[in-house]
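Trainee:
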Amino acid sequence: MKKAEPNPNANRNIMLLTYVVLAAFLGMMGYFGYFLQIKSEEVVNNSYNARLDRLSDRVLPGRILSRDGQVLARTDVGEDGEELRVYPFGNVFAHVVGHSSRGKTGLESLGNFYLLTSHGNLLEQAVNEISGRKNQGDDVISTLDASLQQAAWQALGDRRGAVVAMEPDTGKILAMVSKPDYDPNPASLDISWEGMVEDAGGQSQLLNRAAQGLYPPGSIFKIVTILEAMREDPEHYREGIFDCSGVFSHEPYSIRCYHGTAHGLQDMEQAFANSCNGAFAELGLGLNLSTMSQLAEQLLFNAELPLPMAYSKSSYAMEEGAGDWEILQTSIGQGKTQVTPMHFAMITSAIANGGMLMKPYLLDRVVGESGEEVKKFLPESFGSLMTAEESKELTRMMARVVAEGTGSALRDAPYQAAGKTGSAEFEAGKETHAWFTGFAPADNPKIVVTVVIEEGGSGGKAAAPVARALFDQYLQQ
Ligand SMILES: [Zn+2]
C-alpha cells in the first residue's frame, strides 16, 4: 500500500485553523483583559448594576489593610464554599471601614472596584473562568493607622462623639472613630440591623459622626473669628484689652464665660488662650460681617468638601445686617453655625500645613495577589485656605492655648502641641459638647487631631486628653 504523501494543502489548512483559533483566543484574552482593566470599572461603579453581582460571582473580594499591615477586612471561604466577610477588629473600624452586607459603606464601598478586580496571572484567570473557579481580588491598603485608631477608640471610651486624625502635609486620614458604633461582622449586623435603622434607642449608631455629625463648634470657632480680626487689622488686632468679669453685658443681652469664670484683663491673644467668651463677643460686634461671611466660605462652610465618604455640609448663616444677638453668639461659635469634626480637622490641617489644604484621602494603594503594586494614590492639594503668614500667627496662638491656656492637658507632653478647646452649648440644662482641635509638634506638624464628645463638658478637661492619647501614640512611633 502506498503511503499517503503529505498534502501541502492540508498542512496549510491546519496552520490556518491554528491561526484562527489562536487569533480567537488572543482576541478573547484581549477582551478579557480589557474588561478587567477598563470596562469593569464602569460596571462596578454602577453599584446597582445586576452585572456587579456577576463580577462578585467571579472574583473573591480582596482584603482591606491598614497602613501598618493589619487586616481590617477579609473574606473567608468555608468548606461548603460559603463566603464570609470578616472584620477582625469588630466595632473599632465600624464606620470608616464600613460593612459589606446590607449595602456597602466606608472603605468597603470606596474600594469596591479594586477589591473585585483581580491582577492575578491572565492565563490563570482565563483558566479559572473556564473551570468556574473564582479569581482572587486585589488588596486595598488604606491610610489608616491601626494602632492610632485603637488608641482613639479606647480614649473615647463609652462616650458618644468622634475623633479624626490626619496627616496635614498629605491629607492621609490616619484614624476616624465614631461612637456609638456597631459590629460590622455579618452575623452581628443581621441581629442589630433593624434596630439601628429604626434608631429605636436614639443612638444613631449608623451615622458616621466624624463626617456626618453636625455640632455647634463653640470656642473652636474662635479660630475663625480671630482670623477675621487678623485680616481686618493685621497690625493691631491683638492689642485690644478686655476686662472680663465672667459676664459680658451688651444690653439687653449678656454672654457668660464658661462656668462664669472671670478672666480679668485680657488682650486678644490671652482671650484666645483662655477662651474668654466676653472678649470674643465684643470683638465680633466690631467685625465686618460681609468679609467674615466670605472668610467662612473660603474655609468651606456651606460648601462641598473634597471628601471620599458620605458627609454633611457645615453651615454658617450670619450675613451683613445681622442683629447683635446673632453677632454675639456667632463670634463665640454658638448661634446657627454647625460643623462636622472632619471639616474642622481640614481647617486645622490647613493651619498646620502653611495654609494649604491637602485633600483628605483613605485609599493609599492597591496590590495584586502576589504583592505587586497595581495602583498608588498620591496626595493632592485642594488649595490655600489662608496665607502662610496667617497660618503661622494662628499656630503661635494655638501653641499658647496649650502653653498657658485651656489646653493644659497637653502642657507637660514631650512635644509642643498647638490647639483650641471648645465647650459648645446646644440645649439648655445639658452639659456642653467638648471639643479639641489641634496638631503636634507645633513647629513641624505631623498629625492633626479633632475630637468632639457629646455632652462631654469642658473641651480642655474631656476632649484635649483624648487628643493627647493620639499624639502620644503617634509621635512615639
Ligand atoms: Zn472671660
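The sequence shown lines up with residues 327 to 803 when you count with my numbering.
In this text, a Cβ means the ideal position worked out from N, Cα and C, and glycines have one as well.
Looking only at its chain, what residues have a beta carbon closer than 7 Å to the beta carbon of C570, apart from the 5 residues adjacent to it on each side?
Mentor: In the sequence shown, the residue the question calls residue 570 occupies position 244. Excluding positions up to five away in sequence, the list reads C583, A588, H589, G590, Q592, C602, G604, A605.
Trainee: From the DSSP output, in three-state form, read off N770 for me.
Mentor: Here residue 770 refers to the residue found at position 444 of the sequence shown. Three-state DSSP puts N770 in coil, outside helix and strand.
Trainee: Which residues in the same chain as N461 place their Cβ atom closer than 6 Å to its Cβ, once the five residues preceding and following it in sequence are excluded?
Mentor: Within the sequence shown, the letter at position 135 stands for residue 461. Excluding positions up to five away in sequence, the list reads V385, S444, G446, Q451, N454.
Trainee: Compute the Euclidean distance between the alpha carbons of M712 and T747, then round it to the nearest angstrom.
Mentor: Here the question's residue 712 lines up with position 386 in the sequence shown. Here the question's residue 747 lines up with position 421 in the sequence shown. Answer to the nearest angstrom: the Cα atoms are 21 Å apart.
Trainee: Is any heavy atom in ligand 1 found nearer than 7 Å to the beta carbon of G604?
Mentor: The count along the sequence shown starts at 1 and reaches residue 604 at position 278. Yes, the Cβ of G604 comes within 7 Å of a heavy atom of ligand 1.
Trainee: Select from H425, D465, G407 the residue whose C-alpha is nearest the C-alpha of L391.
Mentor: The residue you call residue 391 lines up with position 65 of the sequence shown. The candidate whose alpha carbon is nearest that of L391 is D465.
Trainee: When you compare each of F765, K787, D798, E780 to R485 by their alpha carbons, which one comes out closest?
Mentor: As a first step, residue 485 is located in the sequence shown; it is residue number 159 there, counting from the start. R485 has its Cα closest to that of E780, out of F765, K787, D798, E780.
Trainee: Distance check for A399 and E730, CA to CA, integer angstroms please.
Mentor: The sequence position of residue 730 within the sequence shown is 404, counting from 1. The sequence position of residue 399 within the sequence shown is 73, counting from 1. Taking the straight line from one Cα to the other gives about 44 Å.
Trainee: Give the single residue among I677, Q476, E493 whose Cα lies nearest to the Cα of S504.
Mentor: Walking along the sequence shown from the start, residue 504 turns up at place 178. Considering only alpha carbons, the answer is Q476.
Trainee: Can you tell me the Cα-Cα spacing of D650 and K756, whole angstroms?
Mentor: Your numbering for residue 650 matches position 324 in the sequence shown. Your numbering for residue 756 matches position 430 in the sequence shown. Cα-Cα distance, rounded: 25 Å.
Trainee: Quick one: what does DSSP say H759 is sitting in, helix, strand or coil?
Mentor: Here the question's residue 759 lines up with position 433 in the sequence shown. Three-state DSSP puts H759 in a strand.
Trainee: Quick check on the burial criterion: 16 or more other C-beta atoms within 10 angstroms. Buried or exposed for N438?
Mentor: As a first step, residue 438 must be located in the sequence shown, where it is residue number 112. Buried, since its Cβ has 16 or more Cβ neighbours within 10 Å.
Trainee: Please list the terminal residues of the continuous alpha helix (DSSP H) segment that includes Q620.
Mentor: Looking up residue 620 in the sequence shown gives position 294. Segment 615-624, the alpha helix (DSSP H) holding Q620.
Trainee: Can you tell which of G463, P634, Q596 has its C-alpha closest to the C-alpha of V693?
Mentor: Indexing the sequence shown from 1 puts residue 693 at position 367. Measuring from the Cα of V693, the nearest candidate turns out to be G463.
Trainee: Would you check if the distance between the CB atom of G566 and the CB atom of G586 is smaller than 8 Å?
Mentor: Locating residue 566 in the sequence shown gives position 240, where the first residue counts as 1. Locating residue 586 in the sequence shown gives position 260, where the first residue counts as 1. No, they are not a contact pair.
Trainee: Is it the case that the CB of H589 approaches a heavy atom of ligand 1 more closely than 7 Å?
Mentor: In the sequence shown, counting from the first residue as 1, residue 589 sits at position 263. At least one heavy atom of ligand 1 falls within 7 Å of the beta-carbon of H589.
Trainee: Could you tell me the boundaries of the alpha helix (DSSP H) in which F598 lies?
Mentor: To locate residue 598, count along the sequence shown from 1; it is residue 272. Taken as a continuous stretch (DSSP letters only), the alpha helix (DSSP H) holding F598 covers 594-600.
Trainee: Who does A491 pair with in a DSSP beta bridge?
Mentor: Position 165 of the sequence shown holds residue 491. According to DSSP, which records beta bridges pairwise, A491 is partnered with A501, V775.
Trainee: Taking only the alpha-carbon atoms, compute the straight-line gap between D769 and S580 and give it to the nearest angstrom.
Mentor: The residue labelled residue 769 in the question sits at position 443 within the sequence shown. The residue labelled residue 580 in the question sits at position 254 within the sequence shown. Going by the C-alpha atoms only, they are around 38 Å apart.
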